[in-house]
Structures are given as structure tokens and as C-alpha cells.
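Asks: Take a look at the following structure, please.
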Amino acid sequence: GAVVSQHPSWVICKSGTSVKIECRSLDFQATTMFWYRQFPKQSLMLMATSNEGSKATYEQGVEKDKFLINHASLTLSTLTVTSAHPEDSSFYICSARDRVDFFGPGTRLTVL
Amino acid sequence: DAKTTQPPSMDCAEGRAANLPCNHSTISGNEYVYWYRQIHSQGPQYIIHGLKNNETNEMASLIITEDRKSSTLILPHATLRDTAVYYCIVRVGGATNKLIFGTGTLLAVQP
Chain A
3 GAVVSQHPSW VICKSGTSVK IECRSLDFQA TTMFWYRQFP KQSLMLMATS
53 NEGSKATYEQ GVEKDKFLIN HASLTLSTLT VTSAHPEDSS FYICSARDRV
103 DFFGPGTRLT VL
Chain B
3 DAKTTQPPSM DCAEGRAANL PCNHSTISGN EYVYWYRQIH SQGPQYIIHG
53 LKNNETNEMA SLIITEDRKS STLILPHATL RDTAVYYCIV RVGGATNKLI
103 FGTGTLLAVQ P
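The following block contains the structure:
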């Protein structure tokens, strides 16, 4: 199957700082990518749909000014968590759509 | 998109077939059934999908009932590495339609 990578795999940051997470489709081009987050013992929650060259579409309740998404190329989408707080600590997962959605390995964010 | 119902957990003996059920009684004619699994602390892994015919690949088989209101994912010879949460999702095909994850089934393969 197709490969999607994420970087970094884990990050620890101080409260109030911003963190950028990259999602790359390594062997295919993806017009559409998705960002999810997952809290412990819960299912994946879709945060936003990212389309190359256009603004992301955010799910209800997700703050677009806090979670900045950029999809500047067909192989790269980035999620920036701005002014991170401890409640933003979570497992962030991206997916890229080929004929089906392929997921990255996830990024664990811990905000101190 | 239609909602799915899965048992919260199942056990299976190593080497035996694991049969994971999914109900999607409100599925519409253009919705596909997708199966993913998530091993602890990893991203979900695509397994298989289908519209109305049964499907088989190197990982699993997908059996969809004739009325399409339910399906079964079959892992023919479960191993300990198949222990994971399995998600059944229905979605309309298309470039921008979303995958919405439910709570899934935790399959525990026992030695």
C-alpha cells in the first residue's frame, strides 16, 4: 500500500509555543489530506479536510485560528498548533487520499 | 453517511479465523464499506473495502450481505499481531467525502 509519513513522531513543548507537524505522501500525490486527533482510549476525531491549493475545511468545534493547516503541494500538508496548551496534548494523525485513505503513523504532542 | 454498529470487543484463538461483524442497516446504494485497523499507538491501517460484492485481498476477506445491511471481515488465520481495534466505516465514494470513525471492535488474539 501507499506510504504516508509524519514528522515529528513525538514532540514536547512548553505552553504558549507553536508546534508544526508535517504529513507527506511518499509515493503518490494527494489532492486531499485529512487531519485527526485521538485522545487516550478514544476513537479518531476528524479535525479538518485539507485540499491542495485551497483553504482547509474544519469540522464543527475545531478552532481554525488555533489549528492552522497548509496544503501547499500534492505531497505535503502541515498542521500548526498555535499557542499550545496542555489540553492540546493528543495523538495527531494525518491521512492522504489515493483511491483509499492511507494514514500516517501519528505524532504524539505533549504540552507542558 | 450511514452509521455502523460493531461489538466493542472480541476474542479469537491464534491460528483460527477471526470473524468481525458490522451492521450498517441505513447504508445507501452509493456507500462503500471500508475496514481499517489500529494497532496501539499507531496510525490506522487500511484493510479492505467493497460496495456489494465480496472482496478478498492478502490481508482479509469482506463478506457483504445481499441487502448490504451488514458485513463481516474475516481474518483467515489470526496471529498475535492482529490484535488491534478494527473499524468498519461506510462512506460515499468521491474525492472529498470524509471517513468518520466509530468506536470499533477491539480484537484480542489469544495464544
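From first to last, the protein sequence lines are chains A and B.
Here the first sequence is numbered in my numbering, starting from 3 and rising by one per residue.
Here the second sequence is numbered in my numbering, starting from 3 and rising by one per residue.
Where a beta carbon is used, it is the ideal one built from N, C-alpha and C, also for glycine.
Quick caveat: nothing in here was measured; it's all calculated off a predicted structure.
Do the CB positions of Ser120 (chain A) and Thr112 (chain A) come within less than 8 Å of each other?
Replies: With chain A covering 3 to 114 only, the question about residue 120 (chain A) has no answer from this structure.
Asks: Among residues of its own chain, excluding the 5 on either side of Ile71 (chain A), which ones have a beta-carbon nearer than 6 Å to its beta-carbon?
Replies: Stepping through the first sequence from its first residue, residue 71 (chain A) is reached at position 69. Contacts found: Ala50, Ser52, Ala58, Leu81.
Asks: Could you say which of A:Thr33, A:Ser11, A:Asp29, A:Val5 lies nearest to His73 (chain A) if we only look at CA atoms?
Replies: For the purposes of this step, residue 73 (chain A) is taken as the residue at position 71 of the first sequence. Closest by alpha carbon: A:Thr33.
Asks: Quick one: give me the first and last residue of the beta strand (DSSP E) that Ser75 (chain A) is part of.
Replies: Locating residue 75 (chain A) in the first sequence gives position 73, where the first residue counts as 1. Per DSSP, Ser75 (chain A) belongs to the beta strand (DSSP E) from 69-75.
Asks: Shorter than 8 Å from the beta carbon of His42 (chain B) to some beta carbon of chain A?
Replies: Stepping through the second sequence from its first residue, residue 42 (chain B) is reached at position 40. For His42 (chain B), the answer is no, since every Cβ of chain A falls outside 8 Å of its Cβ.
Asks: With a threshold of 7 Å on Cβ separation, who are the neighbours of Glu61 (chain A) within its own chain once the five nearest residues in sequence on each side are excluded?
Replies: Here residue 61 (chain A) refers to the residue found at position 59 when the first sequence is read from its first residue. If we look at Glu61 (chain A) and ignore the five residues flanking it on each side, its Cβ neighbours are Leu48, Met49, Ala50.
Asks: Would you identify the three-state DSSP class for Leu82 (chain B), choosing helix, strand or coil?
Replies: As a position in the second sequence, residue 82 (chain B) is number 80, starting the count at 1. The answer is helix: DSSP assigns Leu82 (chain B) an H, G or I state.
Asks: List the endpoints of the continuous beta strand (DSSP E) containing Asn53 (chain A).
Replies: For the purposes of this step, residue 53 (chain A) is taken as the residue at position 51 of the first sequence. That run of the beta strand (DSSP E) goes 47-53.
Asks: Around the Cβ of Ile14 (chain A), are there at least 16 other Cβ atoms within 10 angstroms (buried) or fewer (exposed)?
Replies: Your numbering for residue 14 (chain A) matches position 12 in the first sequence. Ile14 (chain A) should be labelled exposed.
Asks: Listing by chain order, which chain B residues have their CB less than 9 Å from the CB of Ser27 (chain A)?
Replies: Against the first sequence, residue 27 (chain A) aligns to sequence position 25. Chain B residues near Ser27 (chain A): none, gap ~13 Å exceeds 9 Å.
Asks: Taking Cβ positions only, does Pro88 (chain A) come closer than 8 Å to chain B?
Replies: On the first sequence, residue 88 (chain A) is found 86 positions in, with the first residue counted as 1. No - not a single Cβ of chain B is within 8 Å of the one on Pro88 (chain A).
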